[in-house]
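Under the numbering used here, the residues of the sequence shown are numbered 1355 to 1524, in order.
Please read the structure below before turning to the comments.
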Amino acid sequence: MNPGWQRALSVLGRVALRESPRLLREVRRARSAPRRPSTARTRPGAAPAGRHLEYAPQLDGRADPGEIVWTWVPYEEDASRGKDRPVLVVGRDGRTLLGLMLSSQDERDGQRGWLALGAGTWDREQRPSFVRLDRVLEVDEDGIRREGAVLDRKRFDLVAAALRSGFGWR
């Protein structure tokens, strides 16, 4: 069993799973289901109408702007394929999150549309990360895992400034 699941389940929960084959099957089916958000739409870097940047991380169980979460992100060249990756939440509209994907690939350094963030706890290996500014993800709140981190205000403000100056965000 995945260590994250072991921590999440109480002793009572693990006993219940052993005693209930149906419940165990449902948990296994949920864990093996693709982590695709129900809304995996992408937009160019410009802010969607009526939405603006905000920094409001709160440790309340909901993903908030300023937090880095993990979600399934479709590939640009083939939206039916993708991978699980960290995403910086920069806005919210009800249950829809606006996010920017992160990458730890060194070749992103200095590339157009990418901004260096540095290392953070969202990456187990503490590799330097880069945030993509020109691709906005709209992710349903149910399509994420809250296993990321809170990006500090200083770095969030750098991302916000780049979005405002280069892409017309408010």
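The beta-carbon is built from N, C-alpha and C at its ideal position, and this holds for glycine as well.
- For residue 1512, the enclosing alpha helix (DSSP H) begins and ends at 1507-1521.
- Leaving aside the five residues that flank residue 1487 on each side, the residues in its chain whose CB is nearer than 8 Å to its CB run, in chain order, 1399, 1454, 1467, 1468, 1469, 1513, 1516, 1517, 1520, 1521.
- Look at residue 1446 here: in three-state DSSP terms it is strand.
- Sequence-distant partners of residue 1482 (beyond 5 residues in either direction) whose C-beta falls short of 6 Å from its own C-beta, in its chain, are 1472, 1473.
- In this structure, the beta-carbon distance from residue 1444 to residue 1423 does not fall below 7 Å.
- If you ignore the 5 residues before and after residue 1406, its C-beta comes within less than 6 Å of the C-beta of 1524, all in its own chain and listed in chain order.
- Spatial neighbours of residue 1408 in its own chain (CB-CB distance under 6 Å, excluding positions within 5 residues in sequence) are listed in chain order as 1419.
- Per DSSP, residue 1476 lies in no beta strand (DSSP E) and is assigned neither H nor E.
- Rounded to the nearest whole angstrom, the CA to CA distance from residue 1461 to residue 1492 is 25 Å.
- In the DSSP assignment, residue 1417 falls outside any beta strand (DSSP E) and carries neither an H nor an E.
- Straight through space, the alpha carbons of residue 1451 and residue 1489 are spaced by roughly 13 Å.
- The three-state secondary structure of residue 1461, taken from DSSP, is helix.
- The DSSP-derived three-state label of residue 1495 is helix.
- Under the DSSP definition of a beta bridge, residue 1440 partners with 1424.
- Residue pairing from DSSP places residue 1483 in a beta bridge opposite 1472.
- Residue environment: residue 1475 is assigned as exposed (fewer than 16 neighbouring CB atoms within 10 Å of its CB, all protein chains considered).
- At a Cβ-Cβ threshold of 7 Å, residue 1438 and residue 1426 count as neighbours.
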